[in-house]
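Just below is one structure, and these are the notes that go with it.
In the UniProt record's numbering, the protein residues as written are 1 to 200.
Quick look at the structure:
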């Protein structure tokens, strides 16, 4: 039995065309797009209410996530985050990886940060204020039902959610860190030079 997971259903808003439709179309028909991911399958399904037509486009699926299904997912603006997943080839493999799919760029990213433990059949929920993701329930790598509740900040997974002050703070941190390391290296070189000079 194959379970297809429809990841995101959202309205396609084309600015100019949308404004014209609003003025001239009394029924206010729209276009919608669904994204479907299951194992190696990725599909973009567009539905146009004006002519009652569907259009299908194949999407690239990241090799790392391709064997998995039953992952949690959440859409934030034009990205989709995937948490965990299940793969039963000859033995049960449960992932604790986190992946990001950019709808606009059709690009996958695998994060170095992972879930604290392997998890599948869990649910990811985005809070109304778009600041936090809650990952709830699921099963672990021993196929046991777990009552997990993890709360993670959206900005951890989507840097576009960082405020200007946070970005400035991060940049200053790295500049200070690099200056310290560069300064240390120069001092260290001078110490070695003096030591070798005294030995000779």
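A virtual CB, placed ideally from N, CA and C, is assigned to each residue, including glycine.
These numbers come from a predicted model, not from an experiment.
If I follow the unbroken beta strand (DSSP E) through residue 98, where does it start and stop? The continuous beta strand (DSSP E) containing residue 98 extends over residues 92 to 102.
**Message:** What does DSSP give as the partner residue(s) for residue 107 in the beta ladder?
**Reply:** Looking at the DSSP assignment, residue 107 forms a beta bridge with 102.
- Using 8 angstroms as the Cβ pair cut-off and three pairs as the minimum, do the segment 103 to 113 and the segment 86 to 95 touch? The count of Cβ pairs closer than 8 angstroms, one atom from the segment 103 to 113 and one from the segment 86 to 95, stays below three, leaving the stretches out of contact.
Residue 61, DSSP secondary structure in three states = In the structure shown, residue 61 sits in coil (DSSP, three-state: anything other than H, G, I, E or B).
My output table needs one value for residue 26: the three-state DSSP class, helix, strand or coil. Any reading at residue 26 is ruled out, since the residue's pLDDT is 46, under 50, leaving its predicted position unreliable.
Practice prompt. Return the bridge partner residues of residue 41 from the DSSP annotation.
Written response: Paired residue(s): 38.
Give the straight-line distance between the Cα atoms of residue 124 and residue 57, rounded to the nearest whole angstrom. Roughly 26 angstroms separates the two Cα atoms.
DSSP-derived helix/strand/coil call for residue 13: Its pLDDT being 43, under 50, residue 13 is placed unreliably by the model, and nothing is read from it.
Excluding sequence positions up to five away, which residues of its chain have a Cβ less than 6 angstroms from the Cβ of residue 46? Only residues of its own chain outside the window of five on either side were considered, and among them 33 and 55 have a CB closer than 6 angstroms to the CB of residue 46, listed in chain order.
field: residue 64 to residue 110 span [Cα, whole Å]
entry: So the alpha carbons of these two residues sit roughly 8 angstroms apart.
Excluding sequence positions up to five away, which residues of its chain have a Cβ less than 7 angstroms from the Cβ of residue 126? The residues are 74, 76 and 133.
- The alpha helix (DSSP H) spanning residue 155 covers which residue range? 154 to 157 is the extent of the alpha helix (DSSP H) around residue 155.
By Cβ distance, which residues of its chain are closer than 6 angstroms to residue 61, with the 5 residues on each side in sequence left out? Excluding its 5 nearest sequence neighbours in each direction, residue 61 has C-beta neighbours in its own chain below 6 angstroms: 40 and 42, listed in chain order.
key: The beta strand (DSSP E) enclosing residue 145, as first and last residue numbers   = Annotation: residue 145 is outside any beta strand (DSSP E) and is labelled neither H nor E by DSSP.
So, residue 118 versus residue 89, is the Cβ gap smaller than 7 angstroms? No; because the gap between Cβ atoms is not below 7 angstroms, this pair is not in contact.
My output table needs one value for residue 206: the three-state DSSP class, helix, strand or coil. Look at the range of the chain in this structure, 1 to 200, and you will see that residue 206 is not part of it.
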